Amino acid sequence: MALTDLKPWTFFWSLLVFLFLHTVAGMSGWAGCLDGQDVFATIKENSRSGDVVAELVADTVTEGVQWSVVGKDADWFFLDDRNIRLNTSADKILDRETVGPVLTAELSCRVEDIFQSAYRIMVEILNENDNLPVFTEKTAQSLILSELIPVNTVVFTVQATDADNDNIIYSVDQSSPDAEFFKVSPPNSGEVILSKPLDYETKTLLNVTIFASEINTAEHHNTSINISITILDGDDQYPQFLPCTLLFQDENNRICTSPVYTVNVTEEEEDIVLDFSPGPIFAVDGDRALSSPISYAILSGDDDGRFRMERETGEMRLAHGVRDRLITPVLRLQVMAYQDNDPRKYSVATVLVRILAVNQFYPEFDMAEYHGFVIAGKTQSSLVNTYGSKVLMLHVQDRDFNQVSPVPFTNVVHVVLKCLRL
Ligand SMILES: *[C@@H]1O[C@H](CO)[C@@H](O)[C@H](O)[C@H]1NC(C)=O
Ligand SMILES: *[C@@H]1O[C@H](CO)[C@@H](O)[C@H](O)[C@H]1NC(C)=O
Ligand SMILES: *[C@@H]1O[C@H](CO)[C@@H](O)[C@H](O)[C@H]1NC(C)=O
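Set out below in structure tokens:
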């Protein structure tokens with residue numbers, strides 16, 4: 500008979516057998532077996548081997564009466580005179596979370612090896628806070644976020660469980676590298692909220708540690724998880740003309756100004772590609788990882804079609820030359836570079852075209868050779884005269900210039916001097 504599933508009717512049959520034994524055999528000691536009682540007890544989780552679970556209310560002294568613990572969880576107990584004691588060992592720990600909340604067994608009574616009666620043993624294991632919270636597999640340890648995610652949105656959720664069923668709250672470890680970007684709100688939700696804007700241009704990877712802590716226990720056990728967040732580039736930067744001049748940079752900002760593209764052309768020059776300094780007109784998308792295609796256009800100053808700009812390359816041509824540099828010494832244009840996929844994202848740069856004079860002619864002296872006279876004497880300097888007692892004057896003309904100007908081209912003339920003695 501399986502004592503583990505002792506039903507009332509089997510117990511009844513046992514009783515009949517027992518009565519039969521009593522009447523027929525007339526043995527002594529059987530009365531001791533009827534003294535027993537069901538055992539209901541509690542014991543703390545993690546109790547040690549030998550700890551008393553309950554005291555037996557039964558006759559243990561009568562000769563021939565044998566009590567034993569049998570049934571499902573019998574191995575957890577042993578009898579020691581009147582005590583039911585706990586049977587554990589180093590690798591058999593009374594852990595409520597693995598064994599379950601209740602141990603059940605039977606107290607069996609025999610007289611001279613013949614079963615007489617059985618009583619229930621039910622021992623509840625009292626919970627101790629012997630487990631840390633554990634993050635569930637649903638809690639991702641690495642994730643990807645777009646830099647465009649607005650502040651105050653839930654960016655991810657963490658979840659931990661506790662085998663002791665303790666209440667858990669979550670918090671950001673303020674000593675983790677990028678704690679400032681996140682907060683958990685409300686604390687028991689595990690919902691992690693972005694508290695500072697992300698910016699791919701200054702930070703592409705964040706690391707944060709989240710705690711899961713018990714709140715309703717004395718021990719306040721906690722566990723933590725490290726989460727790494729990869730930031731994806733979003734379209735939040737404008738095109739940037741190159742080479743740009745860095746004005747200001749810190750960990751959150753980088754401000755760079757467009758160059759002024761400058762070129763010199765001469766009067767009348769036309770239908771030429773302008774070769775700008777400090778470099779060709781060229782812009783890149785400020786969102787490095789996106790690198791959207793850029794187009795170019797003249798915003799202002801094209802002077803009724805004097806200039807043409809290639810939309811795709813930014814190459815600029817001077818279609819019609821300037822006739823008179825004295826009226827128009829410089830042309831100033833505004834050009835824009837914009838994203839093909841979003842023309843609202845554009846930048847503007849200034850273009851200066853300086854008109855220089857055409858320099859076709861050499862300066863010319865009015866004579867092929869000049870003749871002059873100086874008076875011999877001790878003076879270190881004296882006027883040079885020429886025929887007719889006139890002071891020798893050299894006349895130079897440059898057909899490029901109507902007025903006196905710097906002369907980039909040079910010419911040479913001979914001056915023949917004769918020395919006169921007075
Ligand atoms: C205690 O438990 C162990 C292992 O479950 C078992 O082998 C041993 O017999 C038990 N000890 C007693 C006194 O019941
Ligand atoms: C987590 O536990 C450690 C060690 O017990 C303690 O130093 C730390 O303050 C706890 N953190 C939280 C958030 O409870
Ligand atoms: C243009 O000419 C001026 C002199 O008129 C010179 O100083 C300047 O360097 C030239 N610029 C370029 C881009 O060639």
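Sequential numbering from 500 applies to the sequence shown in the working numbering. Beta carbons are placed, not taken as given, at the ideal position from N, Cα and C, and that holds for glycine. Note that the coordinates shown come from a computational prediction; the quantities given were computed from them, not determined experimentally.
CB of residue i to nearest heavy atom of ligand 5: below 7 angstroms?
i, result
"D574", "Of the ligands one can find in the structure shown, namely ligand 1, ligand 2 and ligand 3, none is ligand 5."
Determine the contact status of residue i and residue j, defining contact as a CB-CB distance below 8 angstroms.
i, j, result
"E713", "I667", "yes"
"D590", "D629", "no"
"Q739", "S791", "no"
"R816", "D774", "no"
"I709", "Y669", "yes"
"V564", "V610", "yes"
"T603", "R547", "no"
"T541", "L625", "yes"
"L585", "S567", "no"
"D672", "D734", "no"
"L893", "F864", "yes"
"R805", "H819", "yes"
"C743", "T756", "yes"
"V601", "F576", "no"
"T656", "G689", "yes"
"Q581", "E562", "Residue 581 is actually Arg in this sequence, not Gln. In this structure, E562 does not lie closer than 8 angstroms to R581 by Cβ."
"R824", "L851", "no"
Write down the C-beta distance between residue i and residue j rounded to the nearest angstrom, noting that I regard them as a contact closer than 8 angstroms.
i, j, result
"K844", "Y737", "5 angstroms"
"N715", "D665", "6 angstroms"
"L916", "G871", "5 angstroms"
"V834", "I780", "6 angstroms"
"V650", "P696", "6 angstroms"
Which class does residue i belong to by DSSP, given the choice of helix, strand or coil?
i, result
"Y699", "coil"
"C532", "helix"
"S546", "coil"
"F775", "coil"
"G525", "Legend: pLDDT at G525 = 38, less than 50; position of this residue unreliable, value from coordinates given subsequently. The answer is coil: DSSP assigns G525 none of H, G, I, E or B."
"R824", "coil"
"F680", "helix"
"S888", "helix"
"L515", "Because the pLDDT at L515 is just 43, under 50, the model does not fix this residue reliably, and the value given afterwards should be weighed accordingly. L515 falls in the helix class under three-state DSSP."
"A782", "strand"
"E596", "helix"
"A818", "coil"
"K917", "strand"
"D558", "coil"
"D574", "helix"
Please report how far the alpha carbon of residue i lies from the alpha carbon of residue j, in whole angstroms.
i, j, result
"N721", "V783", "49 angstroms"
"L514", "N687", "For L514, the predicted model reports a pLDDT of 43, less than 50, meaning its position is unreliable and no value from the coordinates is stated."
"L593", "E605", "19 angstroms"
"V654", "D841", "27 angstroms"
"S641", "I728", "6 angstroms"
"R595", "E544", "6 angstroms"
"P869", "L882", "Correcting the residue identity first, residue 869 is Tyr in this sequence and not Pro. Straight-line Cα distance between these residues: approximately 14 angstroms."
"K702", "E646", "9 angstroms"
"F517", "F614", "Residue confidence is low: F517 scores 43 on pLDDT, short of 50, so the model does not pin down where it sits. No coordinate-derived value is stated."
"N751", "D677", "14 angstroms"
"L830", "F747", "30 angstroms"
"H719", "S674", "19 angstroms"
Drop a sphere of 10 angstroms on the beta-carbon of residue i, count the other beta-carbons inside from all chains shown, and report buried for 16 or more, exposed for fewer.
i, result
"A711", "buried"
"A557", "buried"
"M808", "buried"
"G599", "exposed"
"P758", "buried"
"L832", "buried"
"R853", "exposed"
"A788", "exposed"
"F634", "buried"
"Q536", "exposed"
"I643", "exposed"
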